[in-house]
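One structure is given below, encoded as C-alpha cells.
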Amino acid sequence: MESPYLTHPASKTGVGFDWREPKGEGLEIFTDGSGINDKVGAAMVVLYFGQLIHSEGVRLGDNCTVYQAELIGLRLAVEFVLTLTTTRRVNVYSDSRSALQSIADPCNTHPLVGEVRRLLLKARSERGVFLHWVKAHVGYHGNELADAAAKEATDRPSVSIELPVSTSRFKCKLRRIIVQAWQDHWDYSPYKGRYMRSIIPKVSLKTHFWGEIAELFTGHGRFPAHLFRFGIGDTDRCACGAVGDAKHYMVSCPLTMNLRARLRFNPLDLSTVVQECNLPVLGELGRRVRAFLPHLRRS
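Listed below in C-alpha cells is the structure:
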C-alpha cells in the first residue's frame, strides 16, 4: 500500500456516499466484514437484477479488525468493477458507515482507506460507480448474502490477507497483557494488599469507588487501628472495645450495625460486598466511620 503521506494536499479527494435502498435493478454489489471467535473475514457478492452471479470472500489475519475487514470488502468490490468491460453503472452497498465515512474524508490517512479511494477514483474514470450505505440486518437480500459470505470466510483454514496490526487492536492487546501481568502480581504478591485482595480479587481498569469506600477496602483511613499504627491515635480500639480496623466496621461493629444490615454480602467472603447495590451503603458507612475521627485524635 502506498504511503498516504505521499499525496499532495491539493490532490486529496474524498469519494462520497449516500443512503439508498437496493432496488434490484442492474448490477449491485454488497460488501461486508465479520469477526467471529477471534477470526476475521471479508466478502462481497454481485447481484444482477436481484440474482446472485458472483461471490468472493477472504479470511484476514486474526489481528485484523472488523473495520479493516469492511474496507477489504469494499476493495474486493472495486477490484471486481475494474474487471468489467460493458456495464456503465454499478451500485456498491455497505452497512459500515464508518468505512464509508473514512473513504469520503479526503484527510483520512489510513493506508487501506487511501488504497480503496484510489481504486474507486480509477473505476469512476471508466464508469459510474456509486457508494451507498444500507442498514444491516433489515432484510435486504444482497446484504444478507454478503453477511453470510463474510462469516463463512472467517471459517476458512488459511489466512488470505495479512494487514499491519491496527493501532486500536495493538492498544487492546497491550492492555490485556498489562492487566494480566497486574493480575498475576496481585494474585501472588506475598507482601501487601492481602486484606484488599480478599475484597477485590480481580483487578480492573474501571474506577468503581470513591474516597470513603476506598478507605474501607484498603484499610487505610480514619480507623483507630490505622491511626494508632502511625502514632496519630491513642488506641487501636473502637468505642465498642474491639480492634477498630476497616473489617471490624464492615463485619461486626455494633456502631455500624444498622448500615451493615442493608448490605448484601457474605461476611465470610468479603469479595461478595463488591456489588453495585452496596456502593451507596458503603459510602454512607465510610462517612459514619469518618465522623468518629474527633474521638480518635490525640489531644
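So the sequence shown is numbered by UniProt numbering: it starts at 1 and just counts up by one.
Idealized CB from N, CA, C, for every residue including glycine.
It should be emphasised that the depicted structure is a prediction, and the values quoted were computed from it without experimental measurement.
A residue is called buried when at least 16 other Cβ atoms come within 10 angstroms of its Cβ; V90 meets this threshold and is buried.
Secondary structure remark: continuous alpha helix (DSSP H) runs of at least 4 residues inside the stretch 202–239, in chain order: 211–218, 224–229.
By the Cβ-count criterion, H54 is exposed, with fewer than 16 other Cβ atoms from all chains shown falling within 10 Å of its own Cβ. Around the CB of M257, fewer than 16 other CB atoms lie within 10 Å, so the residue is classed as exposed.
In this structure I103 does not touch I161 by the C-beta definition: roughly 18 angstroms separates them, more than the 8 angstroms allowed. Runs of alpha helix (DSSP H) with 4 or more residues, each lying fully within the stretch 156–194, are found at 167–188, listed in chain order. Separation of K247 and A146 (C-alpha to C-alpha, rounded to the nearest whole angstrom) is 58 angstroms.
Assignment of F80 by DSSP, reduced to helix, strand and coil, places it in the helix class.
Counting C-beta pairs closer than 8 angstroms gives fewer than three between the stretch 137–155 and the stretch 121–129, which falls short of the contact rule. F217 counts as buried, since at least 16 other C-beta atoms from the protein chains shown sit within 10 angstroms of its C-beta. Taking C-beta atoms as the reference points, R264 and E212 fail to come closer than 8 angstroms. Contact between the stretch 163–171 and the stretch 62–71 is present, with at least three C-beta pairs closer than 8 angstroms. Per the Cβ contact rule, the stretch 21–31 is in contact with the stretch 73–92 (3 or more Cβ pairs under 8 angstroms). Counted as a single uninterrupted DSSP element, the alpha helix (DSSP H) harbouring E115 occupies residues 111–124. In this structure, the alpha-carbon of V289 lies about 57 angstroms from that of C107. Under the three-state reduction of DSSP output, T31 falls in the strand class. I200: not part of any beta strand (DSSP E); DSSP gives it neither H nor E. Of all alpha-carbon atoms in P164, D38, D245, the one lying nearest the alpha-carbon of P111 is that of P164. Residue pairing of A43 in beta bridges, as defined by DSSP: D32, G57.
Between the alpha carbons of H141 and G26 lies a gap of roughly 15 angstroms. With a cut-off of 8 angstroms on Cβ pairs, the stretch 267–278 is in contact with the stretch 191–207, counting three or more such pairs. Taking the Cα positions, P224 is about 20 angstroms away from K192.
In the DSSP assignment, R287 falls within the unbroken alpha helix (DSSP H) covering 279–291.
Of the candidates M250, E276, P267, the residue whose Cα lies closest to the Cα of L285 is M250. Close CB contacts of G244 within its chain, under the 7 angstroms cut and outside five residues either way in sequence, are with F223, P224, A225, D236, R237, C238 (chain order).
Proximity to G50 across E144, T13, Q180 peaks at E144, based on C-alpha coordinates.
When the beta-carbon positions are compared, L82 and W133 stay at least 8 angstroms from each other. Scanning its chain for C-beta atoms nearer than 8 angstroms, with the 5 sequence neighbours on each side dropped, one finds around V203 the residues V179, W182, Q183, W186, in chain order. Linking L60 to W210 through their CA atoms gives a straight-line distance of about 43 angstroms. Taking V113 as the centre and dropping the five residues before and after it, the same chain places the C-beta of L71, S102, I103 closer than 7 angstroms to its C-beta, in chain order.
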